[in-house]
Amino acid sequence: MVAAIVVIAYAIYILIYLKDKIINKLRNIALYIVPYVVFLVVVSYTLQSLKITEFPLWKGSDPKITSILKGSNLESNGRWNEKDAAIVEKYNYDYQKIQDASLEIIKERLTKTPPLELVKFYIRKIALQWNEGDFGGVYWTKLGVPEEDIKVDISLEVLQIVYLSVMMLIFIGLFNRKNNKDSQEINLLYIILCGYGVMYLVTESQGRYAYIISWIFIILAIEGINFILNKFKISNIEYHNKYKKNFDLYKI
Numbered sequence: 023m024v025a026a027i028v029v030i031a032y033a034i035y036i037l038i039y040l041k042d043k044i045i046n047k048l049r050n051i052a053l054y055i056v057p058y059v060v061f062l063v064v065v066s067y068t069l070q071s072l073k074i075t076e077f078p079l080w081k082g083s084d085p086k087i088t089s090i091l092k093g094s095n096l097e098s099n100g101r102w103n104e105k106d107a108a109i110v111e112k113y114n115y116d117y118q119k120i121q122d123a124s125l126e127i128i129k130e131r132l133t134k135t136p137p138l139e140l141v142k143f144y145i146r147k148i149a150l151q152w153n154e155g156d157f158g159g160v161y162w163t164k165l166g167v168p169e170e171d172i173k174v175d176i177s178l179e180v181l182q183i184v185y186l187s188v189m190m191l192i193f194i195g196l197f198n199r200k201n202n203k204d205s206q207e208i209n210l211l212y213i214i215l216c217g218y219g220v221m222y223l224v225t226e227s228q229g230r231y232a233y234i235i236s237w238i239f240i241i242l243a244i245e246g247i248n249f250i251l252n253k254f255k256i257s258n259i260e261y262h263n264k265y266k267k268n269f270d271l272y273k274i
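Just so we're aligned: the sequence shown equals residues 23 to 274 in our numbering.
What follows is the structure in structure tokens.
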């Protein structure tokens with residue numbers, strides 16, 4: 023699913039931003055989707071034939087819908103919980119029964135919960151997913167390690183400040199996109215980020231899951247830095263022009 027997000031994002035990018043005929047756009051999409059699928063199938067069946075994996079790479083030991091089931095649990099804020107995790111054993115690992123039961127529970131939760139409560143739930147879920155600057159790294163690093171064995175105690179507060187600064191630069195960079203039409207390629211990163219955001223909104227939420235997309239934040243933050251530098255540069259030019267104009271008037 024993780025790789026599929028990037029594949030879909032690139033297809034959307036080609037359709038929206040590539041200035042070409044629709045037939046050429048579809049051909050370009052096929053040129054990278056077909057090799058991706060072929061490579062995935064070959065590697066998957068090779069691993070299965072060597073008895074390294076039991077299931078295909080696109081099919082885990084549990085149905086993917088179980089992640090959506092956990093992600094729809096209002097009581098756990100869409101995070102891992104024992105109640106939903108137990109459904110696999112409850113139906114004795116029967117793929118079809120697990121899928122059917124999970125789908126029914128998800129439908130019931132989404133249809134019988136008041137709309138306002140659902141909105142609040144998804145807002146909380148977004149906040150919990152993206153509020154950890156270390157993506158849960160400090161917690162998982164220290165888990166099970168005796169206090170006296172920790173040589174360097176990483177400060178979570180410092181990481182949060184750095185993370186918040188990066189997030190602010192990303193939001194500032196959005197203003198830069200309105201004025202910068204030359205570098206359309208960076209829009210691919212925005213599409214990928216939105217794709218992961220939607221996936222984490224629907225599936226089970228864990229702070230560490232977002233680590234895989236963290237590299238994009240640094241690149242997008244550069245847009246914010248460029249916006250600030252450009253503003254400073256324009257202000258500097260305007261100041262010098264005004265100063266020069268006043269100086270010329272003084273000479274007259």
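Positions of the beta carbon are idealized from the N, C-alpha and C atoms, including for glycine. Since we're looking at a predicted model, the values are computed, not measured.
Between the CA atoms of Gly155 and Val184 - distance to the nearest angstrom: What you label residue 184 is simply residue 162 of the sequence shown in a count that begins at 1. What you label residue 155 is simply residue 133 of the sequence shown in a count that begins at 1. Approximately 8 Å, taken between the alpha carbons.
Return the Cβ separation of Ile5 and Gln121 in integer angstroms, given the expectation that the two are a contact with Cβ distance under 8 Å. Here the chain comprises residues numbered 23 to 274, so residue 5 is not present and cannot be evaluated.
Just to confirm before moving on: does the CB-CB distance between Asn209 and Tyr39 stay below 8 Å? Looking up residue 209 in the sequence shown gives position 187. Looking up residue 39 in the sequence shown gives position 17. The beta carbons of Asn209 and Tyr39 sit closer together than 8 Å.
Suppose only complete runs of 4+ residues qualify. What are the alpha helix (DSSP H) ranges in the region 162-212, listed by chain order? Within the region 162-212, the complete alpha helix (DSSP H) runs of at least 4 residues fall at 178-201.
Leaving out five residues before and five after Phe239 in sequence, what residues of the same chain have Cβ atoms less than 6 Å from its Cβ? Along the sequence shown, one-based indexing puts residue 239 at 217. Excluding residues within five positions, the ones whose Cβ falls inside 6 Å are Val188.
Going by beta-carbon coordinates alone, are Val224 and Gly93 separated by less than 8 Å? Here residue 224 is taken as the residue at index 202 of the sequence shown, counted from 1. Here residue 93 is taken as the residue at index 71 of the sequence shown, counted from 1. Yes.
Buried or exposed, going by whether 16 or more other CB atoms sit within 10 Å of the CB of Tyr54? Position 32 of the sequence shown, counting from 1, holds the residue named residue 54. Tyr54 is exposed by the Cβ-count criterion.
Beta carbon of Ile145, beta carbon of Ala123: below 8 Å? Walking along the sequence shown from the start, residue 145 turns up at place 123. Walking along the sequence shown from the start, residue 123 turns up at place 101. Ile145 places its beta carbon 8 Å or farther from that of Ala123.
Which of the three DSSP states is assigned to Tyr222 in this structure? Start at 1 with the first residue of the sequence shown, and residue 222 comes out as number 200. In the structure shown, Tyr222 sits in a helix (DSSP, three-state: H, G or I).
Straight-line CA distance for Arg49 to Asp42? Here the question's residue 49 lines up with position 27 in the sequence shown. Here the question's residue 42 lines up with position 20 in the sequence shown. If I take the Cα positions, the gap works out to 11 Å.
Cα-Cα, which of Tyr58, Lys81, Trp102 and Leu138 is closest to Gln151? Here residue 151 refers to the residue found at position 129 when the sequence shown is read from its first residue. Ranking Tyr58, Lys81, Trp102 and Leu138 by Cα distance to Gln151 puts Trp102 first.
Enumerate in chain order the residues of its own chain whose CB-to-CB distance from Gln162 is below 7 Å, with the five nearest sequence positions on each side excluded. On the sequence shown, position 140 is the one that residue 162 refers to. A quick correction: the sequence has Trp, not Gln, at residue 162. Only residues of its own chain outside the window of five on either side were considered, and among them Arg230 have a CB closer than 7 Å to the CB of Trp162, listed in chain order.
Can you tell me which of Glu139, Val167, Ser89 and Ile192 puts its alpha carbon nearest to the alpha carbon of Glu245? For the purposes of this step, residue 245 is taken as residue 223 along the sequence shown, with counting starting at 1. Its Cα nearest to that of Glu245, the residue Ile192 stands out among Glu139, Val167, Ser89 and Ile192.
Give the straight-line distance between the Cα atoms of Tyr218 and Tyr212, rounded to the nearest whole angstrom. Position 196 of the sequence shown holds residue 218. Position 190 of the sequence shown holds residue 212. One C-alpha to the other measures close to 10 Å.
Nearest candidate by alpha-carbon position, reference Gly82, set Ile128, Asp116, Pro57 and Leu72: As a working note, residue 82 is residue 60 in the sequence shown. Selected option, being the one with the closest Cα: Asp116.
Glu130 burial status per 10 Å Cβ neighbour count (16 or more: buried): Here residue 130 corresponds to residue number 108 of the sequence shown, with the count starting at 1. Exposed.
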